[in-house]
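> Top line first, the protein sequences correspond to chains A and B. Just so you know, we're using the numbering used here here: the first sequence kicks off at 30 and counts up by one. Just so you know, we're using the numbering used here here: the second sequence kicks off at 15 and counts up by one. Where is the CB? At the ideal position from N, CA and C, for every residue including glycine. Input: one structure, supplied below.
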Amino acid sequence: MPENTAPTGTADVPHIEFRDVVKKFGDNTVLDNLNFTVSKGERVTLIGPSGSGKTTILRLVMTLEELSGGYIHIGGTPLQYQEQGGKRVRISDKRRRRTTTGIGMVFQHFNLFPNMTVMENIVEAPINVMGLKKAEAEAKAEALLDKVGMGWKKDARPNELSGGQQQRIAIARALAMDPEILLLDEVTSALDPELVGEVLAVLKDIAAETDISMLIVTHEMQFARDVSDRVMMFDQGSVIEEGLPDKIFSEPENQRTQDFLRAVL
Amino acid sequence: MDGVIGFIQDLGPNLQLVLERMPMILDGVFITLLASVLGAALALFIAFAFGLALLAKNVLVRGVARVFVEFFRGTSLVVQLFWLAFVLPQLPYPLGFQLDPLLVGVLALGLNYGAYAAEVVRGSIGSVPTGQYEAISALSLSPARGMFRIVIPQAWALMLPSLSNLWIQLLKGSAIVGTVTLYDLFFQVEQLRDRTGTWFAYSFALLAYYLIAWLIVILMNGLEIRAKHQIGRGPALKDSWRSLFRAPGSTPGGGRSARVVRDRSVAKAGTAGEGGLA
């Protein structure tokens, strides 16, 4: 509970905490008793072969998937389920939304709203979820659009833009909610190769200028190396190796990590 | 005086008759239009109310909507019309109502076609890519707000071709409202037939209904072009006024099936807003 947490203690509470997390799709167990934490301001990259459950982790944090077992805490607040009198109790959608307001996500396929202009895409949630005034939200959106280099396209519709431009707007849209946690789900995988650089450059700037905690799934190993504080290697639903990016990328200990990196680098 | 030869021989006098009876015929056209427009308005309201209810999380809400839709889809329009006109007034107080014939017609048309349209609404909302729902969730927008601001505006463009077809069917279905003493176009044509014979009267009716259907097609095409443009698929209405006159559901970029295939592949790729491939 927040009241019990002394200000000096806040740094000790993990920003994201997975406790005995189980995720099943039917009979298929994707995550099996997963435990890990992300500290405030930390950038953690998840790597590993496809199907290893990396994206599922991000989707669980965003509550796009329902937990099958275990708990996730965000800044000490239970996200999907909480323990109450020894029982695992589901948290209402409304309370979940209150917790996820501080979490932003950028998707592989951008998922901009095609029926809205760039500006409308960005201000929709700040106005209706955070309660900002329209003018306030627009001023903020313009600053963010300038940051991602898209200020000149604020009245365009998403389909008039390239994939890289759409993704930069999706990043601005996520940042407009002042997230404390940003989830990046293979944000360059759907882009043509020549557009990858512009998106990664924007993300590197954001990583350098803010202290947003980030959980990143990517196949861009150089980017992972540049922005991460820690890299976690996943295989078959569990962490098989983790450490500083330099160590994981240069001298991985686990055989499967070595095989994976040899295949992608 | 019937038959092809009679039709041609009497064409002049018959046209004269049509002109003489024009006030009555126009009254009939007005009633047909009124019943079709009010019926369609009711059908649209029912379609959204029950289409959304069919998608509700609550099993009870979904169940009630399902029973309603199946009932009104599964019973004949004529029978519904007669029931409202002749059975409803006989129900014991306070249920018994003698409704105005126009209201009977509008209710029957609205309920019957609204039930079909509810399925269209449900299907179109289901066709909006899941990525859109995920983005709504990721921005912590409430489901209701996401539905009305983001999902329905996109589904609207998808449902218009089907709604357009249903509206034309409703117009044609309205030709039976004369049986409950609502004097529509077809009733007036029947009056005309007494004087002109079947050949002329029914041919005239074919043409008249066709022209009214065209008005609906043009209006709905306009709405569809506008809705598509608003979700970034296709040109603005002012740049493509010519396609107002095309068949419902077809697009300048290929036939209906071509569009369906394209929409599906777009939906599969999950790239919402990438529809403007042309």
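1. If you follow the alpha helix (DSSP H) that arginine 45/B is in, where does it begin and where does it stop?
2. Taking beta-carbon pairs under 9 Å, can you tell me which members of the stretch 176–196 of chain B lie near chain A?
3. Compare the C-beta of glycine 289/B with all C-beta atoms of chain A and state if any pair is closer than 8 Å.
4. For arginine 117/A, is the classification buried or exposed, using 16 other Cβ atoms within 10 angstroms of its Cβ as the cut-off for buried?
5. If we define contact as Cβ-Cβ less than 8 Å, is threonine 92/A a contact residue for chain B?
6. Under three-state DSSP, which class holds aspartate 240/A?
7. Could you give the distance in angstroms between the alpha-carbon of alanine 241/B and the alpha-carbon of tryptophan 170/B?
8. Using three-state DSSP, classify aspartate 253/B as helix, strand or coil.
9. Nearest CA to the CA of serine 242/A: which residue from His248/A, Leu204/A, Leu220/A?
10. With distances taken Cα to Cα, identify the nearest neighbour of serine 257/A among Val268/A, Thr129/A, Lys276/A, Gly266/A.
11. As a quick exercise: from Val90/A, Val216/A, Glu271/A, Met261/A, pick the residue whose alpha carbon is nearest that of threonine 128/A.
12. Relative to chain A, which residues along the stretch 199–228 of chain B have a C-beta separation below 7 Å, given in chain order?
13. What residues from chain A crowd round isoleucine 19/B, counting only those whose CB sits closer than 8 Å?
14. The alpha helix (DSSP H) spanning alanine 217/B covers which residue range?
15. What first and last residue would you give for the alpha helix (DSSP H) that runs through threonine 129/A?
16. Return the first residue and the last residue of the alpha helix (DSSP H) that glycine 137/B is part of.
17. Determine, using beta carbons only, whether threonine 129/A comes closer than 8 Å to chain B.
18. Check distances from the C-beta atoms of the stretch 142–158 of chain A to those of chain B and list, in chain order, the residues that come in under 8 Å.
19. Less than 8 Å separating the beta-carbons of isoleucine 103/A and isoleucine 45/A?
20. Ordered along the chain, which non-local residues of its own chain (more than five positions away) have a Cβ less than 7 Å from that of proline 78/A?
21. Assign lysine 116/A to one of three DSSP states: helix, strand, or coil.
22. If you reduce the DSSP assignment to three classes, tell me which class lysine 186/B lands in.
23. If the criterion is Cβ atoms closer than 8 Å, does the pair leucine 68/B and alanine 132/B meet it?
24. Can you list the residues of chain A that serine 154/B reaches, using a CB-CB cut of under 7 Å?
25. Between the beta-carbon of glycine 53/B and the beta-carbon of glycine 124/B, is there less than 8 Å?
26. Could you tell me whether any Cβ in chain A is nearer than 8 Å to the Cβ of serine 151/B?
27. Specify whether the stretch 91–101 of chain B and the stretch 159–170 of chain B touch according to this definition: at least 3 beta carbon pairs, one from each stretch, less than 8 Å apart.
28. Rounded to a whole number of angstroms, what is the C-alpha to C-alpha distance between leucine 48/B and glutamate 95/A?
29. Closest to glycine 20/B by C-alpha separation, out of Leu185/B, Arg136/B, Gly211/B, Ile45/B, would be which residue?
30. Please confirm whether serine 81/A and proline 43/A have their CB atoms less than 8 Å apart.
In this structure, then:
1. For the purposes of this step, residue 45/B is taken as the residue at position 31 of the second sequence. According to the sequence displayed, residue 45/B carries isoleucine and not arginine. Following the DSSP letters along the chain, one finds isoleucine 45/B inside the alpha helix (DSSP H) bounded by residues 36–67.
2. none
3. What you label residue 289/B is simply residue 275 of the second sequence in a count that begins at 1. Confidence at glycine 289/B is low in this model, with a pLDDT of 38, below 50, so its placement is unreliable and the value that follows should be read with caution. Closer than 8 Å to some Cβ of chain A, the Cβ of glycine 289/B qualifies, so yes.
4. In the first sequence, residue 117/A corresponds to position 88, counting from 1. When all chains shown are included, arginine 117/A counts as exposed.
5. Mapped onto the first sequence, residue 92/A falls at position 63. At least one chain B Cβ lies under 8 Å of threonine 92/A.
6. Within the first sequence, residue 240/A is the residue found at index 211, counting from 1. Note: aspartate 240/A maps to coil in three-state DSSP.
7. Along the second sequence, read from residue 1 onward, the residue named residue 241/B stands at position 227. Along the second sequence, read from residue 1 onward, the residue named residue 170/B stands at position 156. About 7 Å.
8. One-based indexing of the second sequence puts residue 253/B at position 239. Helix, per DSSP.
9. The residue you call residue 242/A lines up with position 213 of the first sequence. Taking serine 242/A as reference, the option from His248/A, Leu204/A, Leu220/A with the minimal CA-CA separation is Leu204/A.
10. As a position in the first sequence, residue 257/A is number 228, starting the count at 1. Closest option to serine 257/A, Cα to Cα, is Lys276/A.
11. In the first sequence, residue 128/A corresponds to position 99, counting from 1. Measuring from the Cα of threonine 128/A, the nearest candidate turns out to be Val90/A.
12. none
13. As a first step, residue 19/B is located in the second sequence; it is residue number 5 there, counting from the start. Ordered by position in chain A, no residue passes the 8 Å Cβ test against isoleucine 19/B, which lies about 59 Å from the chain.
14. As a position in the second sequence, residue 217/B is number 203, starting the count at 1. For the sequence presented, residue 217/B should be read as serine rather than alanine. Boundaries of the alpha helix (DSSP H) around serine 217/B: 212–244.
15. For the purposes of this step, residue 129/A is taken as the residue at position 100 of the first sequence. Looking at the DSSP string, the run of the alpha helix (DSSP H) that includes threonine 129/A is 122–129.
16. Counted from its first residue, the second sequence places residue 137/B at position 123. Segment 115–141, the alpha helix (DSSP H) holding glycine 137/B.
17. Position 100 of the first sequence, counted from the start, is the residue given in the question as residue 129/A. Judged by the 8 Å Cβ criterion, threonine 129/A is in contact with chain B.
18. Those residues of the stretch 142–158 of chain A that come within reach of chain B (Cβ to Cβ, closer than 8 Å) are Phe142, Pro143, Asn144, Met145, Glu153, Ala154, Asn157, Val158.
19. Here residue 103/A refers to the residue found at position 74 when the first sequence is read from its first residue. Here residue 45/A refers to the residue found at position 16 when the first sequence is read from its first residue. A contact, by the Cβ cut-off of 8 Å.
20. Here residue 78/A refers to the residue found at position 49 of the first sequence. Its chain contains Asp264, Phe289 as the residues whose beta carbon lies nearer than 7 Å to that of proline 78/A, once the 5 sequence neighbours on both sides are disregarded; these appear in chain order.
21. Along the first sequence, read from residue 1 onward, the residue named residue 116/A stands at position 87. Lysine 116/A falls in the strand class under three-state DSSP.
22. The residue given as residue 186/B occupies position 172 in the second sequence. Helix, per DSSP.
23. Residue mapping note: residue 68/B aligns to position 54 of the second sequence, counting from 1. Residue mapping note: residue 132/B aligns to position 118 of the second sequence, counting from 1. Result yes, Cβ atoms of leucine 68/B and alanine 132/B sit closer than 8 Å.
24. Looking up residue 154/B in the second sequence gives position 140. The contacting residues are Arg126, Thr129, Thr130, Ala154, Val158.
25. Within the second sequence, residue 53/B is the residue found at index 39, counting from 1. Within the second sequence, residue 124/B is the residue found at index 110, counting from 1. Glycine 124/B is positioned such that its CB atom lies closer than 8 Å to that of glycine 53/B.
26. Working through the second sequence from its first residue, we reach residue 151/B at position 137. By this cut-off, serine 151/B is an interface position.
27. no
28. The residue you call residue 48/B lines up with position 34 of the second sequence. The residue you call residue 95/A lines up with position 66 of the first sequence. So the two alpha carbons sit approximately 50 Å from each other.
29. Taking the second sequence and counting its residues from 1, one reaches residue 20/B at position 6. The candidate whose alpha carbon is nearest that of glycine 20/B is Gly211/B.
30. What you label residue 81/A is simply residue 52 of the first sequence in a count that begins at 1. What you label residue 43/A is simply residue 14 of the first sequence in a count that begins at 1. Cβ atoms of serine 81/A and proline 43/A: not closer than 8 Å.
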